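Reviewing the structure listed below.
There are 2 protein chains.
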Amino acid sequence: MERGEVTPRTAVRRVPERGSHGPGLIDAVIDEAFICHLGFIEDGIPFVVPTIHGRLGDTVYFHGSSASRALRRSRGAEVCLTVTILDGLVLARSAFHHSMNYRSAMVLGRAREVTDAEEKLRALQALVEHVCPGRWEAARRPNLREFSKTLVVALSLEEASLKVRSGPPVDEDADHDLDVWAGVLPLEMVAQTPVPDELMKRQLPAPDYLKWPRPIERL
Amino acid sequence: MERGEVTPRTAVRRVPERGSHGPGLIDAVIDEAFICHLGFIEDGIPFVVPTIHGRLGDTVYFHGSSASRALRRSRGAEVCLTVTILDGLVLARSAFHHSMNYRSAMVLGRAREVTDAEEKLRALQALVEHVCPGRWEAARRPNLREFSKTLVVALSLEEASLKVRSGPPVDEDADHDLDVWAGVLPLEMVAQTPVPDELMKRQLPAPDYLKWPRPIERL
């Protein structure tokens, strides 16, 4: 992945600064992607697990069972949460300059377990709404047992950075004469027809919030 | 992400064993996904970066500039390479049981810099062919300068595990009476029309290997 730009939200450590996207673009990447990859350390080994996330302002939340090893290792620890959207395959004339178009937000920081009940409920709402805007109103809310079985962890977006590659391949000048097709194969995540659960007592129509593509404000 | 199954390829540490998929399925997930997320440690902090990968037998390769921090930190170190394919949104009747359908392969181990020229060339071929089968034959091969500027790192699949969630939502029995639509919204990565590079001297037709969906053997 070459020709990337790494850019700060407010402050960046460790990641070289090579451009200047605002926080708006970082938020947009985090909001558009359905999942992220969470990195944490256990016994000196880095682990990377996929998980669902949600954002409220300058905080990103992730959650899981209170028995989850990833969650228990993350709370109070330095973690890295990376959100990547793949936009296309970049085919250059030379093997060397092949690449991908993508947008990737990386959030570093000390994860904080959310213990305040009000914040926890808002975070759970953000997580469900992130996956499916409008769903929180439709679904049954968590009861006390479910609420206490769920561990919610917060990570500040203060130390977030963005890496973006877009546009055509960048080839060596001498290679432009080669008779090799060059360009981009754009990729997109699309939804297929909703599959209703066979256990539904009444065959309800698929709700509007499953329509694809998602409303523009989400993108 | 609930109701997941974690399964060994040959041996699994640290990841609870809860099912039994063979190596074939792990290989298939690694081959189908275009990118992975690489976890490494620097100064006690876990970092997670997206990168391209390729597989040859029981080895997965990733690469980058020899100046790449992620690559330089990874070689000789314990890393985690996670490959995730998102298959759908799982909408349960309760907020609590919402989930995703996905397949995620996690590879743990000590990364090895590839110094043997022959293995390095085969790895670069695998990386290009992984992104676009047939492309290695078409593109200009790396020259000596490009070859030596590229760092290739290998990771054995010996310690790989798979986590899979598939199928409908799993709700509490009492919730089945609720008038809430439940089911799965399947998601799929699709290619759009190839975008030719404007700098192509002759307008070559888009090659066959850009056709979508990809031939079945890749999936």
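Chains as they are written, first to last, in my numbering: chain Z, -16 to 202; chain E, -16 to 202.
For glycine and all other residues, C-beta sits at the position ideal for the given N, C-alpha and C.
These numbers were taken from a predicted model, which means no experiment stands behind them.
On the three-state DSSP scale, how would you describe residue i?
i              : result
R76 (chain Z)  : coil
S57 (chain E)  : helix
E171 (chain E) : strand
A109 (chain Z) : helix
R95 (chain Z)  : strand
A143 (chain E) : strand
W195 (chain E) : coil
S131 (chain E) : helix
R118 (chain Z) : helix
L187 (chain Z) : coil
L161 (chain Z) : coil
R52 (chain E)  : helix
A88 (chain Z)  : strand
Bridge partners of residue i, per DSSP?
i              : result
Y44 (chain Z)  : Z:G37 and Z:A137
I24 (chain Z)  : Z:P29
V153 (chain Z) : The partner list for V153 (chain Z) (beta bridge, DSSP) is empty, contrary to what the question assumes.
G166 (chain Z) : Z:L74 and E:P179
A100 (chain E) : Note: A100 (chain E) sits in no beta bridge, so no partner.
V66 (chain E)  : E:A88
R148 (chain Z) : Z:Y85
P13 (chain Z)  : Correcting the residue identity first, residue 13 (chain Z) is Ile in this sequence and not Pro. Partner(s): none; I13 (chain Z) has no beta bridge.
R123 (chain Z) : E:S77
In chain order, what residues of the same chain have a beta carbon less than 7 Å from the beta carbon of residue i, not counting five sequence neighbours either side?
i              : result
Y192 (chain E) : C115, P116, G117 and R118
D158 (chain Z) : R76 and S77
L182 (chain Z) : none
Q108 (chain Z) : W119
V12 (chain E)  : V66, I68, R86, A88 and L145
E155 (chain E) : S77
D180 (chain Z) : none
I18 (chain E)  : P33, T34 and I35
Report all residues from its chain with a CB closer than 6 Å to the CB of residue i; omit the five preceding and five following residues, and keep chain order.
i               : result
R58 (chain E)   : A94, E96 and V136
F45 (chain Z)   : T34, H36 and V136
A32 (chain E)   : Per the sequence shown, residue 32 (chain E) should be read as Val rather than Ala. Cβ within range, chain order: L21 and A53.
S49 (chain E)   : K132 and L134
A209 (chain E)  : Outside the modelled stretch of chain E, which goes from -16 to 202, sits residue 209 (chain E), for which no answer is possible.
R(-3) (chain Z) : For R(-3) (chain Z), the predicted model reports a pLDDT of 32, less than 50, meaning its position is unreliable; a value from the coordinates is still stated below. If we look at R(-3) (chain Z) and ignore the five residues flanking it on each side, it has no Cβ neighbours.
A106 (chain Z)  : Y44, V97 and V135
K103 (chain Z)  : V97 and V135
V(-5) (chain Z) : Per-residue confidence for V(-5) (chain Z) stands at a pLDDT of 27, beneath the threshold of 50, marking its modelled position as unreliable; no derived number is given.
A189 (chain E)  : P177
R197 (chain Z)  : none
L170 (chain E)  : L69 and G71
Less than 8 Å between C-beta atoms, sequence neighbours within five positions excluded: which residues of the same chain meet that for residue i?
i             : result
E25 (chain Z) : R52 and R56
G47 (chain Z) : T34, A53, L54, T133 and L134
L74 (chain E) : H81, P152, W164, A165, G166, V167 and L168
P30 (chain E) : Before going further, note that residue 30 (chain E) is Phe rather than Pro in the sequence given. The answer, listed in chain order, is G22, F23, I24, A53 and R56.
List the residues of chain C that residue i touches, going by C-beta distances under 9 Å, in chain order.
i             : result
S77 (chain E) : Among the protein chains of the structure shown, namely Z and E, there is no chain C.
Legend entry - Selection of the stretch 156 to 169 of chain Z by Cβ proximity to chain E, strictly under 9 Å: D158, H159, D160, L161, D162, V163, W164, A165, G166, V167, L168 and P169
Inset, instruction - Quick one: which residues of the stretch 26 to 48 of chain E get their C-beta closer than 9 Å to a C-beta of chain Z? List them in chain order. - result: If you check each beta-carbon in the stretch 26 to 48 of chain E against every beta-carbon of chain Z, the ones closer than 9 Å belong to D26, G27, I28, P29, F30, V31, V32, P33, T34, I35, G47 and S48.
Legend entry - Members of the stretch 136 to 157 of chain E near chain Z, C-beta cut-off 9 Å: K146, P151, P152, D154 and E155
Legend entry - Interface positions of the stretch 176 to 192 of chain Z facing chain E (Cβ-Cβ less than 8 Å), listed along the chain: T176, P177, V178, P179, D180, E181, L182, M183, K184, R185, L187, P188, A189 and P190
Inset, instruction - Would you list, in chain order, the members of the stretch 91 to 105 of chain E that have their beta-carbon closer than 9 Å to a beta-carbon of chain Z? - result: L91
Legend entry - Members of the stretch 115 to 128 of chain Z that neighbour chain E once the beta carbon cut-off is set at 7 Å: C115, R118, W119, A121, A122, R123, R124 and P125
Inset, instruction - Scan the stretch 13 to 24 of chain Z for residues whose Cβ lies nearer than 7 Å to a Cβ of chain E and list them as they occur along the chain. - result: F17, I18, H20, G22, F23 and I24
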